[in-house]
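All remarks here apply to the structure that follows.
Protein chains: 2
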Amino acid sequence: MNFSSKHLEKAVEEIAHLPGIGRKTALRLALHLLRQEEIQVMALTESINLLKEAVKYCKNCGNLSDHDICEICANPRRDKTIVCVVEDIRDVIAIENTGQYQGLYQVLGGVISPMEGIGPSDLNMTALLQKAEKAEIDEVIFGLGTTMEGETTTFYLYKKLSLYPLKLTAIARGIAVGDQLEYADEVTLARSIANRVPYESSIKSDS
Amino acid sequence: MNFSSKHLEKAVEEIAHLPGIGRKTALRLALHLLRQEEIQVMALTESINLLKEAVKYCKNCGNLSDHDICEICANPRRDKTIVCVVEDIRDVIAIENTGQYQGLYQVLGGVISPMEGIGPSDLNMTALLQKAEKAEIDEVIFGLGTTMEGETTTFYLYKKLSLYPLKLTAIARGIAVGDQLEYADEVTLARSIANRVPYESSIKSDS
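Chains A and B are the protein sequences, given in the same order. Each number in the working numbering comes from the position in the first sequence (counting from 1) with 1 added on. Each number in the working numbering comes from the position in the second sequence (counting from 1) with 1 added on.
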């Protein structure tokens, strides 16, 4: 593309570096920003700069936080004997939105992937293993994805943690609430039959 | 969504103000930016700030420019007697990319739309009408869209400009190069038959 302004060209180039945004979308966004008031554009760029400067990773669980220890770990009402292992901060947000979980998290920041050169030492799991060693926790819930990498990581942690007297659980896989059986894939359906639960507990969790 | 960091929440909110970007995409972009080096994030925000501070609208044609007069208007090799009327800066970029047009532009910055409260006085057309009045131009090419608003704007300008001894033309509408006739819509096909061109000129413009 042939821009009449070098500044526009530079901005389009930078915006197009964002994932999932091509040059045409970047141009559309840049022209949108040009039409906005200066104060709105400043609010956007300042919030992005602050994001990078002020947001930290919680020293305990790896969650994003404005402080050294995140709100969840610092909350005295959370049950510190249960830890849910997740891959990503987005998983924490998703689980927190349910309002059903009162324990802590361990955010690995990824999963073991030999293809991408990510080994166990690249993941944020030290705090969890230390807690298990010091017998500070009673239960670990595996909340990783069911991809091959996710399953590998879960199995790695399972082997490490089974040395300690811990309850090791995994989040239930099954037919989504509201979904019809006929459209479910076979693996999910098979697993949801194998891991069937008492009827009373299946209605209790809805309330 | 329930964020563990106020700075993250603010950044997601600001990014989600961009057109076509919802909160989930905004969160994905914010987490991507968090993983980038500080220098890359600064390059993005600085380029956006500079865009707003330094980019001007050309006083002659309304195109974007780093100077008071844009590169196209300032170029002594461009034919200043022909003006192509377009809606948007993106249209200028599209036409410039063809390398086939050597005249100037008039970027209206919109089209007449009573529904959105945009009247002729909101559009950047004064410079064009002045040029016509002073007999500085020989030809005006209408390059606006074929929406009702685009056609209305073209007709408005046509009425204004037909007072002067000008050649008034419109860009050709027809079957796109490479398209097959059977898939063309009827209006386009009818117009491309009505506005058929001598065979010699149809092959000349490809070269």
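Ideal placement from N, C-alpha and C gives every residue a C-beta, glycine not left out.
Next item on the list: Give a yes or no on whether the minimum CB-CB distance between B/THR46 and chain C is below 8 Å.
Entry: Absent here is chain C; the protein component of the structure consists of chains A and B.
Notebook entry, point to check: Which of helix, strand or coil does DSSP assign to B/LYS57?
Noted result: For the purposes of this step, residue 57 of chain B is taken as the residue at position 56 of the second sequence. For B/LYS57, the secondary structure class from DSSP, reduced to helix, strand or coil, is strand.
Check: Cβ atoms of B/ASN125 and B/GLY63: under 8 Å apart, would you say?
Finding: For this step, residue 63 of chain B is matched to residue 62 along the second sequence. For this step, residue 125 of chain B is matched to residue 124 along the second sequence. Yes; because the gap between Cβ atoms is below 8 Å, this pair is in contact.
Check: Between the stretch 56-75 of chain A and chain B, which residues of the former have a C-beta closer than 7 Å to a C-beta of the latter?
Finding: Taking 7 Å as the Cβ-Cβ cut-off, the stretch 56-75 of chain A approaches chain B at VAL56, ASN64, LEU65, SER66, ASP67, CYS71, GLU72, ILE73, given in chain order.
Notebook entry, point to check: Nearest-angstrom Cα distance between B/LYS11 and B/SER114?
Noted result: For this step, residue 11 of chain B is matched to residue 10 along the second sequence. For this step, residue 114 of chain B is matched to residue 113 along the second sequence. Using only the alpha carbons, I get a separation of about 35 Å.
Note to self: Please report whether the beta-carbon of B/LYS7 lies at a distance below 8 Å from any beta-carbon of chain A.
What the structure shows: Start at 1 with the first residue of the second sequence, and residue 7 of chain B comes out as number 6. So yes, B/LYS7 belongs to the interface.
Note to self: Taking a contact to mean a Cβ-Cβ separation below 8 Å, would you say A/LEU34 touches B/LYS57 in this structure?
What the structure shows: On the first sequence, residue 34 of chain A is found 33 positions in, with the first residue counted as 1. On the second sequence, residue 57 of chain B is found 56 positions in, with the first residue counted as 1. Between A/LEU34 and B/LYS57, the gap from beta carbon to beta carbon reaches 8 Å or more.
Check: If we count Cβ pairs, one from each stretch, closer than 8 Å, do we get three or more for the stretch 135-145 of chain B versus the stretch 80-93 of chain B?
Finding: Contact holds: three or more Cβ-Cβ distances are below 8 Å.
Item checked: Local Cβ density within 10 Å of B/GLN103, reported as buried at 16 or more and exposed below that -> Start at 1 with the first residue of the second sequence, and residue 103 of chain B comes out as number 102. Exposed is the label assigned to B/GLN103, since fewer than 16 other Cβ atoms lie within 10 Å of its Cβ.
Notebook entry, point to check: So which residues of chain A does B/ILE142 contact, with C-beta pairs closer than 7 Å?
Noted result: Mapped onto the second sequence, residue 142 of chain B falls at position 141. Per Cβ cutoff of 7 Å: no residues; B/ILE142 is ~18 Å from chain A at best.
Margin query: Only counting the same chain, and skipping five residues up and downstream in sequence, which positions put a Cβ closer than 8 Å to that of A/ARG79?
Written below: Position 78 of the first sequence holds residue 79 of chain A. The beta carbon of A/ARG79 lies closer than 8 Å to those of ILE73, GLN103, GLY104, LEU105 in the same chain, with the five residues before and after it left out.
Item checked: A/LEU86 at chain B interface by Cβ criterion, 8 Å -> If you number the first sequence from 1, residue 86 of chain A lands on position 85. Before going on, a small fix: residue 86 of chain A reads as Val here, not Leu. Chain B places no beta carbon closer than 8 Å to that of A/VAL86, leaving this residue out of the contacts.
Margin query: At the 8 Å Cβ level, is B/ILE119 part of the contact set with chain A, yes or no?
Written below: The residue you call residue 119 of chain B lines up with position 118 of the second sequence. It does not; no Cβ of chain A falls within 8 Å.
Checklist line | 8 Å CB neighbourhood of A/LEU169 in its chain, flanking five on each side removed | finding: In the first sequence, counting from the first residue as 1, residue 169 of chain A sits at position 168. These residues qualify, in order along the chain: GLU140, VAL141, PHE143, TYR159, LEU162, SER163.
Check: Is the Cβ of B/LEU52 closer than 8 Å to any Cβ of chain A?
Finding: Here residue 52 of chain B refers to the residue found at position 51 when the second sequence is read from its first residue. At least one beta carbon of chain A lies nearer than 8 Å to the beta carbon of B/LEU52.
Notebook entry, point to check: A/GLN101: which of A/ILE172, A/TYR200, A/GLN41 sits nearest, CA to CA?
Noted result: In the first sequence, the residue the question calls residue 101 of chain A occupies position 100. The shortest CA-to-CA distance from A/GLN101 to any of A/ILE172, A/TYR200, A/GLN41 is the one to A/ILE172.
Item checked: Same chain only: Cβ atoms within 7 Å of B/LEU130, ignoring 5 sequence neighbours per side -> As a position in the second sequence, residue 130 of chain B is number 129, starting the count at 1. If we look at B/LEU130 and ignore the five residues flanking it on each side, its Cβ neighbours are LYS161.
Note to self: Between A/ALA1 and chain B, is the shortest Cβ-Cβ distance under 8 Å, so that the two count as touching?
What the structure shows: Examination of residue 1 of chain A is not possible in this model, given that chain A is present from 2 through 208 alone.
Check: When Cβ atoms are compared, which residues of the stretch 158-187 of chain B fall closer than 8 Å to chain A?
Finding: So nothing in the stretch comes that close.
Next item on the list: Mind listing the chain A neighbours of B/LEU124? Cutoff is C-beta to C-beta under 7 Å, in chain order.
Entry: Stepping through the second sequence from its first residue, residue 124 of chain B is reached at position 123. Contacts between B/LEU124 and chain A, judged by CB atoms closer than 7 Å, are missing: the closest CB pair is about 15 Å apart.
Next item on the list: Grab the span of the beta strand (DSSP E) containing A/ILE83 for me, first residue to last.
Entry: For this step, residue 83 of chain A is matched to residue 82 along the first sequence. Its beta strand (DSSP E) spans residues 80-87.
Notebook entry, point to check: Going along the stretch 93-119 of chain B in order, which residues come within less than 8 Å of chain A, judged by CB to CB distance?
Noted result: Those residues of the stretch 93-119 of chain B that come within reach of chain A (Cβ to Cβ, closer than 8 Å) are VAL93, ILE94, GLU97, ASN98.
Item checked: Residues that B/THR153 bridges to, as DSSP identifies them -> As a working note, residue 153 of chain B is residue 152 in the second sequence. Partner(s): none; B/THR153 has no beta bridge.
Checklist line | Euclidean distance between Cα positions of B/GLU6 and A/ALA75 | finding: Translated into positions along the second sequence, residue 6 of chain B becomes position 5. Translated into positions along the first sequence, residue 75 of chain A becomes position 74. Inspection of the sequence shows that residue 6 of chain B is occupied by Ser rather than by Glu. The alpha-carbon atoms of B/SER6 and A/ALA75 are separated by roughly 13 Å.
Note to self: Against chain A, does B/ASN196 count as a neighbour if the rule is that its beta carbon must be under 8 Å from one of theirs?
What the structure shows: Here the question's residue 196 of chain B lines up with position 195 in the second sequence. Under the Cβ distance rule, B/ASN196 does not count among the residues neighbouring chain A, no pair being separated by less than 8 Å.
Note to self: Looking at chain A, is there any beta carbon in it that lies within less than 8 Å of the beta carbon of B/ARG79?
What the structure shows: Taking the second sequence and counting its residues from 1, the one referred to as residue 79 of chain B is at position 78. It does not: the Cβ of B/ARG79 has no partner Cβ on chain A nearer than 8 Å.
Next item on the list: Quick one: residues in its chain with C-beta nearer than 7 Å to the C-beta of B/GLU150, no 5 flanking neighbours on either side, listed in chain order?
Entry: Within the second sequence, numbered from 1, the residue matching residue 150 of chain B stands at position 149. Counting only Cβ-Cβ distances below 7 Å, and skipping sequence neighbours, we find VAL112, ILE113, SER114.
Next item on the list: Assign A/SER208 to buried or exposed, taking buried as 16 or more other Cβ atoms, counted over all protein chains shown, within 10 Å of its Cβ.
Entry: Locating residue 208 of chain A in the first sequence gives position 207, where the first residue counts as 1. Confidence at A/SER208 is low in this model, with a pLDDT of 48, below 50, so its placement is unreliable and the value that follows should be read with caution. Looking at its Cβ environment, which holds fewer than 16 other Cβ atoms inside 10 Å, A/SER208 is exposed.
Notebook entry, point to check: Just curious, the beta strand (DSSP E) that B/LYS168 is in, first and last residue?
Noted result: Here residue 168 of chain B corresponds to residue number 167 of the second sequence, with the count starting at 1. It spans 168-171 - the beta strand (DSSP E) in which B/LYS168 sits, taken as one unbroken run.
Notebook entry, point to check: Closest Cβ-Cβ distance between A/ARG91 and chain B: below 8 Å?
Noted result: Working through the first sequence from its first residue, we reach residue 91 of chain A at position 90. In terms of beta-carbon proximity, A/ARG91 lines the interface with chain B, with at least one pair separated by less than 8 Å.
Next item on the list: Please work out which residues of its chain come closer than 6 Å, Cβ to Cβ, to A/LYS132, disregarding the five sequence neighbours upstream and downstream, and give them in chain order.
Entry: One-based indexing of the first sequence puts residue 132 of chain A at position 131. In its chain, beyond the 5 residues on either side, ILE138 have a beta carbon closer than 6 Å to the beta carbon of A/LYS132.
Next item on the list: Please classify B/SER202: is it buried, with 16 or more other beta-carbons within 10 angstroms of its beta-carbon, or exposed?
Entry: Walking along the second sequence from the start, residue 202 of chain B turns up at place 201. By the 16-neighbour rule on beta-carbons within 10 angstroms, B/SER202 is exposed.
Notebook entry, point to check: Is the CB-CB distance between A/ALA44 and B/GLU15 below 8 Å?
Noted result: For the purposes of this step, residue 44 of chain A is taken as residue 43 along the first sequence, with counting starting at 1. For the purposes of this step, residue 15 of chain B is taken as residue 14 along the second sequence, with counting starting at 1. It is a contact, given that the beta carbons lie within the stated cut-off.
Next item on the list: Please report how far the alpha carbon of B/GLY179 lies from the alpha carbon of B/ALA191, in whole angstroms.
Entry: Sequence index remark: in the second sequence, residue 179 of chain B carries index 178 (1-based). Sequence index remark: in the second sequence, residue 191 of chain B carries index 190 (1-based). For B/GLY179 and B/ALA191, the gap between their C-alpha atoms comes out near 18 Å.
Next item on the list: Would you mind telling me which residues of chain B sit closer than 9 Å to A/PRO20, beta carbon to beta carbon, in chain order?
Entry: Residue numbering aside, residue 20 of chain A sits at position 19 when the first sequence is read from its first letter. For A/PRO20, the neighbours in chain B by C-beta distance under 9 Å run, in chain order, ARG29, LEU30, HIS33.
Notebook entry, point to check: What residue range is occupied by the uninterrupted alpha helix (DSSP H) comprising A/GLN131?
Noted result: Here residue 131 of chain A refers to the residue found at position 130 when the first sequence is read from its first residue. DSSP places A/GLN131 in the uninterrupted alpha helix (DSSP H) bounded by 127-134.
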